[in-house]
Structures are given as C-alpha cells and as structure tokens.
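Please read the structure below before turning to the comments.
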Amino acid sequence: MNIKRIYKDLPIKNKMLLVFYIQIFITVIFIGGLFYNKIDRVMEEHAIDLSQDTLKIIETRTSDFTDNVEAISQDLLYDQEIYDVLLDDRSDKYLYYYSVSNLKNILRKRTLAFDMIQSITIVTRGREFLSYDTNGGRHNIEALIPYDYILPLARKADGDVLWFIDEVGDEKNVFLARIINDRDTYSEIGLMAILINTEELRSTYHELSSDILKNIAIISKDNNIIFNSNIESNSWLNNSDFNYNDNSGFIRDDDNNLIISYLKLEISDWYIVTGFYHDELTRDFSSLQRWMITIFIPAILLLSMLTIMLSMDIVTPMNQIVSRMESFKKGKRAEKPNLNRGDELGFLADNFEEMIDKVDYYMNNVLKEQILRKEVQIKALQSQINPHFLFNTLESINWRAQLIDAPDISEMVTALSSIIEVNISKDIKLIPLREDLEYVKNYLVIMSRRYEERLKIKWEINEDVLNINVPQLLLQPIVENSIKHGVGKTIKIGYILIKAYRDKDNVFIEVIDNGAGQPLDKVKALNEKFSKTTSTREYTMENEDCGIGLDNVNQRIKLLFGEKYYIRLESKENHYTRVIIKLPIE
Numbered sequence: 067m068n069i070k071r072i073y074k075d076l077p078i079k080n081k082m083l084l085v086f087y088i089q090i091f092i093t094v095i096f097i098g099g100l101f102y103n104k105i106d107r108v109m110e111e112h113a114i115d116l117s118q119d120t121l122k123i124i125e126t127r128t129s130d131f132t133d134n135v136e137a138i139s140q141d142l143l144y145d146q147e148i149y150d151v152l153l154d155d156r157s158d159k160y161l162y163y164y165s166v167s168n169l170k171n172i173l174r175k176r177t178l179a180f181d182m183i184q185s186i187t188i189v190t191r192g193r194e195f196l197s198y199d200t201n202g203g204r205h206n207i208e209a210l211i212p213y214d215y216i217l218p219l220a221r222k223a224d225g226d227v228l229w230f231i232d233e234v235g236d237e238k239n240v241f242l243a244r245i246i247n248d249r250d251t252y253s254e255i256g257l258m259a260i261l262i263n264t265e266e267l268r269s270t271y272h273e274l275s276s277d278i279l280k281n282i283a284i285i286s287k288d289n290n291i292i293f294n295s296n297i298e299s300n301s302w303l304n305n306s307d308f309n310y311n312d313n314s315g316f317i318r319d320d321d322n323n324l325i326i327s328y329l330k331l332e333i334s335d336w337y338i339v340t341g342f343y344h345d346e347l348t349r350d351f352s353s354l355q356r357w358m359i360t361i362f363i364p365a366i367l368l369l370s371m372l373t374i375m376l377s378m379d380i381v382t383p384m385n386q387i388v389s390r391m392e393s394f395k396k397g398k399r400a401e402k403p404n405l406n407r408g409d410e411l412g413f414l415a416d417n418f419e420e421m422i423d424k425v426d427y428y429m430n431n432v433l434k435e436q437i438l439r440k441e442v443q444i445k446a447l448q449s450q451i452n453p454h455f456l457f458n459t460l461e462s463i464n465w466r467a468q469l470i471d472a473p474d475i476s477e478m479v480t481a482l483s484s485i486i487e488v489n490i491s492k493d494i495k496l497i498p499l500r501e502d503l504e505y506v507k508n509y510l511v512i513m514s515r516r517y518e519e520r521l522k523i524k525w526e527i528n529e530d531v532l533n534i535n536v537p538q539l540l541l542q543p544i545v546e547n548s549i550k551h552g553v554g555k556t557i558k559i560g561y562i563l564i565k566a567y568r569d570k571d572n573v574f575i576e577v578i579d580n581g582a583g584q585p586l587d588k589v590k591a592l593n594e595k596f597s598k599t600t601s602t603r604e605y606t607m608e609n610e611d612c613g614i615g616l617d618n619v620n621q622r623i624k625l626l627f628g629e630k631y632y633i634r635l636e637s638k639e640n641h642y643t644r645v646i647i648k649l650p651i652e
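Below is the structure:
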C-alpha cells in the first residue's frame, strides 16, 4: 500500500481533517508529555537556582558574622592589657592582679557589646583561664573548651584564626581560637578562645526558610549536623549520602525523591545545605493537568466542526479556479468566476485572469526579444576587438624594431605588452609568486632603459616561496614606488633589493631602496593608515606622494587574506626605504 500516493489523491477537505487530528494527537500525547517534562525540569532548575541564591545569601551573612568575630579577636590583640598579664613575671602580685582585673574588664566590655559572642577567654602559658561569660545558666567557656585539642591546631594556624566545632551530647559549641605571640619576639605567650552564640549564628539563615526550602542546615564535611533550621526533623539529611566534589552544586536522592543543594563556606570545611522534595514542585501543575484533560474532549469536537467549515470555505473557490485553468489549457475562454474575495484565493483568481490576458502579448513579443538578444551578443563580440587591436599594434612595433635592428625598443615593447596584458585583465585572482616576479622584471626592463646605469637591481628570492599564491600585480606598484619616490629623487646610483623568504607559517617579501627616504612622521602616519581594518577605515584617494600605491596593495592583502596580514614601512630620510609585506603560506 502506497500511503504517500493515497495521501496525494485525497481531497483537500479530507487532508485538512487528517492533518488536524494528527496535530491534536501530537499536541496532546507527544508535545503534552514533553511540555510536562520541560515544566518539571524548569521548575526543578528554578528551585535549584533559588536554593543556590539562598545559600549564597546565607554564605554572605555567615561570612559577615565570622569576619566580625575575627575582627573582634584581632582588636583584642591590640589591647596592651593582654600582654601585661601574659608577660607578667608575677614578682609584684598587686600589680599582676591589677592587670588581670583590667583584662577581665576589657573581656566583659567586648562580650557584652556583641550579641554574637557568648564568652571570651585568655589562657596563659601556665593554663590559667581569664574569662568572661554571658552564659545565662549554661556551662562557662572554661568548662566547655577542649583546650588540649585546640592548642596544637591553633599552633598549626601560625597566628591565623582557627574555627572549631566541639560536640557535647546534643549540643555543639563553636569556638574561634588563635595563638597570642609576643609582639617583640613573636614567641607564643598564650591562647585566645571565643565561644560563639549559636542562636545568633542560626538567626542568620533561619528567616530564609520558605514553603519549598523548609530545611536549611550547616554541616561538616563528614556529614555532622552543626545547625539545622528544622529542629524537629533531621531525616532529610540522615537519609542522604553526601559526596562533595565541588565548592557548590546539588545532589539527587532519587530514593527519597529529594534534591540537596550545597555551598562550601570559606572559613572551614563547613557546608551550607538545603533540601526540597520534588513532589512539592509539581503539586500545582498536576491539578492543572487534570483540569486540561477535563476540557479536552469538548474542545476536540468544537475544533473539528470549525475545521470542516474552514476546509469547505477554501475548497469551493479552489475548485472554481481549477475549472477555469482546465478550460484555458484546452484553449477555451470559460466564464470568469466571481469569487468576490479579498484573501489569497481572491488574489490568486484575479492574478490568474491577468496572466491570461498577458500571455498572448508575451507570446507575440518573443521573436522581438530574441532579435534584441542577438544584437547584444554582437556588440559584446565587437567590444573584444579593441584590446586585440592594441596587442596587434604593439606586435607590429616589435616586428619593425627587430627589422631596423633596435633590440632595446623590441625589448621594451615586449615588456610593455606583458604589463598591459596583466593590467587589462578584469579578474581579481591569485597567481604564483614566480609569475608576479616576471611582471616586475618586465617593468624593470623598461625602467632600466630610462635610468640606465643609475638603477641597479638585486634579487634574493628563496626557492621554497616561488609557488605561494599572491594577489596579481602585488610587487609592481611597490617597485614603481621605490623607483619614483626613492631612486628617482636622488642623483646617486640607486640600488633596489627584492627579497622573499619564509618564516614559519608566513612569507615575507621586502623591497629596499637607497633613495631619498621618508620623514619619520610620514612613515608613522602611513603605517597607522595601513594598520586600520578594512571594515573601519575610510577609502579615500588622497594626494600622497607614496601612499596610494602601497595602500592599494595593503587593502587587497587584507581583503584576500585577513587583517593580520599587512604592509609595513620603514624609512630613514636621505638613507633608505624598506617595504615589508606579510603573507600566509596557505
């Protein structure tokens, strides 16, 4: 069964109904499924983005919190009273107790001034604790601090702060510790420890909980929970196996339909984590899906009726137009259908009638058009005579010069003929460097007759660059420029050196003369002009002594090979001028 053939033979009305039902099927079954999955992914991505943004806010607040505590500890190191106590040899007991009293007064002021601090202690080398607590009935810092464990860790920090978590039953104590060194000898003289008010730290993120992000916590790298916004339940963390490979990201717990998003804090190996259940994201969308299915069947019936009416409105006038075409095909002029429509079908019918009226006119003028085309071809052939006549004339002069034994004239005419042949070519093409050098040699034949012994040419051309492609007439304008504006403006013997060599993936061609040279400001201006990109520069025909020919070559190089290839000019007035061309190997 040829389904394609059956479809083509169906009436347009049936095709429109078939297409309509296929579209409905694809929309509901295929696109609907994709749409649901897309919505699911988009909502999940937005929830992950929201969680990451929330974690960044918490990270910022936590960093501000810890920075403030670190700043307080740093300020304490500037208090002389600390060093008076720690460095006191206790020879004068009255003076020592006076210093201790002053120190405790400072610790009291600092502790009471900041809600984030529960207590501060200074531990001497003799393990004497000088502290102030706002414990409110809780254990004081001297009973809580694991001094023997913190001290070696603080020493490893080498004067920097150490953040430490100590778990005592269900409670977790957060400490900031740092070694106190003698400001003169930088030797260790004591330990400072600050006990953090965990409720104040928890408040930095507790208010950021939402309907979706109900659970926010700070955990250690080994999955120990430090703080949890949902005090009633830790199940969302206990059921997840965390593997932290990056500083931020998310982990899927497919078994529990849970997504955990995490962000590493800078102060230690702590991670801020938040979790949300996937079902909570799609709860509202599921009810929307049921509502869409409820209205789907009546909508299908209504749309089917509208499709039938639309197909009849299109098929009826199309049948009239087809009947008109069949009559015209048989050479009959049937009555014009009066569609009276302003849509595409009316436009098609009106233009078809206009086409019928014009067909006869066009057919009667075909012969005239063919005659005119022949005349154009003849004129095109005649336009080819002029260059052919010019070359024949030069050949006659060359033949005459040979008859009268004038080899100089013959050589110059031959060289001129080659140059003219290149210049009248209308093709913009690339040619091997060896061919472009031949054009230059033909030009130098003519110039050598003019300047005679005043012009000396030297060639240094490496064989491995002769076959690279270069723009046609690349070197002739540059050599002409060297003769006209270099050698031609001096009375001494002019030397021109033409070099070509390869350097890695580039070819460099240099034309050097010992002529009049150019002023430094003019060389700088020309190089700036040459360096401009072809898309930003203005193309002008300025009356510059040596810029127009070089600029023409430079523009062609950039247009053909790209902006990184160029012409560069070097010159010293009354000494020399060097033109350097950079081209690609490929």
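For this note's numbering, count along the sequence shown from 1 and bump the result up by 66.
Beta carbons are placed, not taken as given, at the ideal position from N, Cα and C, and that holds for glycine.
Measure how close the beta-carbons of P537 and I623 come, nearest whole angstrom, since I'm counting them as under 8 Å.
7 Å
Cβ neighbours of L532 in the same chain (closer than 7 Å, five flanking residues each side left out)
Taken in chain order, the residues that qualify are P498, L499, R500.
So V227 packs on E136, CB below 8 Å; how close in whole Å?
5 Å
From what residue to what residue does the alpha helix (DSSP H) around Y343 run?
For Y343, there is no enclosing alpha helix (DSSP H); the residue is part of the beta strand (DSSP E) that begins and ends at 336-343.
Report all residues from its chain with a CB closer than 7 Å to the CB of I444; omit the five preceding and five following residues, and keep chain order.
Low confidence applies here, because I444 scores a pLDDT of 38, under 50, leaving its location unreliable; read the following figure in that light. Cβ within range, chain order: n/a, list empty.
So for V227, helix, strand or coil by DSSP?
If DSSP states are grouped into helix, strand and coil, V227 belongs with coil.
What number of angstroms, rounded off, separates the C-alpha of P383 from the C-alpha of F394?
17 Å
Please report the residue range of the beta strand (DSSP E) in which E546 lies.
Element bounds for E546: not the beta strand (DSSP E) but the alpha helix (DSSP H), 542-551.
Could you have a look at D582 and say whether DSSP puts it in helix, strand or coil?
The amino acid occupying residue 582 in the given sequence is Ala; Asp does not appear at that position. Coil.
Which residue from N385, K638, S597 puts its Cα closest to that of D620?
What sits at residue 620 in the sequence shown is Asn, not Asp. When each option's Cα is compared against that of N620, the closest is S597.
Could you give the DSSP three-state label for S314: helix, strand or coil?
strand
Could you check the C-alpha separation between D319 and G341 for me, to the nearest Å?
10 Å
Could you please give the first and the last residue of the uninterrupted alpha helix (DSSP H) stretch that includes S167?
159-179
Compute the Euclidean distance between the alpha carbons of A259 and N294, then round it to the nearest angstrom.
24 Å
So, is Y337 buried or exposed, given that buried needs 16 or more other C-beta atoms within 10 angstroms?
Classification of Y337: buried, given that the 10 Å Cβ count is 16 or more.
Does the beta-carbon of D75 have 16 or more other beta-carbons within 10 angstroms, so that it is buried, or is it exposed?
An exposed status is given to D75, since fewer than 16 other beta-carbon atoms sit within 10 Å of its beta-carbon.
Out of E526, K550, D530, I534, point me to the one whose CA is closest to Y509's CA.
Minimum Cα distance to Y509 is reached at K550.
By how many angstroms is the C-alpha of D115 removed from the C-alpha of L217?
41 Å
For S139 versus L219, is the C-beta distance shorter than 8 Å?
no
What residue range is occupied by the uninterrupted beta strand (DSSP E) comprising L257?
Element bounds for L257: 254-262.
Please classify L635: does DSSP put it in a helix, a strand, or coil?
strand
Could you pull out every residue in the same chain whose Cβ sits closer than 8 Å to the Cβ of N134, ignoring the five residues on either side in sequence?
F180, M182
Per DSSP, what kind of secondary structure is K440 in: helix, strand or coil?
Confidence is the limiting factor: at K440 the pLDDT is only 49, short of 50, which leaves the residue's position unreliable, though a coordinate-based value still follows. Correct three-state label for K440: helix.
Nearest-angstrom Cβ-Cβ length linking I374 and L121, presumed shorter than 8 Å:
The pair is not a contact, with the Cβ atoms about 57 Å apart (cut-off 8 Å).
Mind reading off the beta-carbon distance from E332 to S129? Whole number of angstroms is fine, and I expect it under 8 Å.
6 Å
Among the residues of its own chain, which have a CB less than 7 Å from the CB of L142, if the five just before and after it don't count?
I148, R176, M258
Using a C-beta cutoff of 8 Å, does T373 count as contacting chain D?
Among the chains in the structure shown there is no chain D, since it carries only a single protein chain.
When DSSP labels each residue in this structure, what does N593 get in the three-state scheme?
helix
For T190 and L152, which I take to be in contact (beta-carbon distance under 8 Å), what is that distance rounded to the nearest angstrom?
6 Å
Which ranges would you report for the beta strand (DSSP E) in the stretch 192-218 if only whole runs of at least 3 residues count?
If you keep only unbroken beta strand (DSSP E) runs of at least 3 residues inside the stretch 192-218, you get 195-199.
Do E636 and I646 count as a contact pair if the criterion is CB distance below 8 Å?
yes
Near M513, which residues of its chain fall below 7 Å by C-beta distance, leaving aside the five closest residues on each side in sequence?
Taking M513 as the centre and dropping the five residues before and after it, the same chain places the C-beta of L521, I549 closer than 7 Å to its C-beta, in chain order.
Quick check on DSSP: helix, strand or coil for Q146?
Of the three classes helix, strand and coil, the one that applies to Q146 here is helix, per DSSP.
What span of residues does the beta strand (DSSP E) with R156 cover, start to end?
Note, R156: premise wrong, no beta strand (DSSP E); not H, not E.
Does DSSP classify L76 as helix, strand or coil?
Reduced to three states, the DSSP call for L76 is coil.
Nearest by alpha-carbon distance to D154: which of T126, L173, E194 is it?
Among T126, L173, E194, the Cα nearest to that of D154 is on E194.
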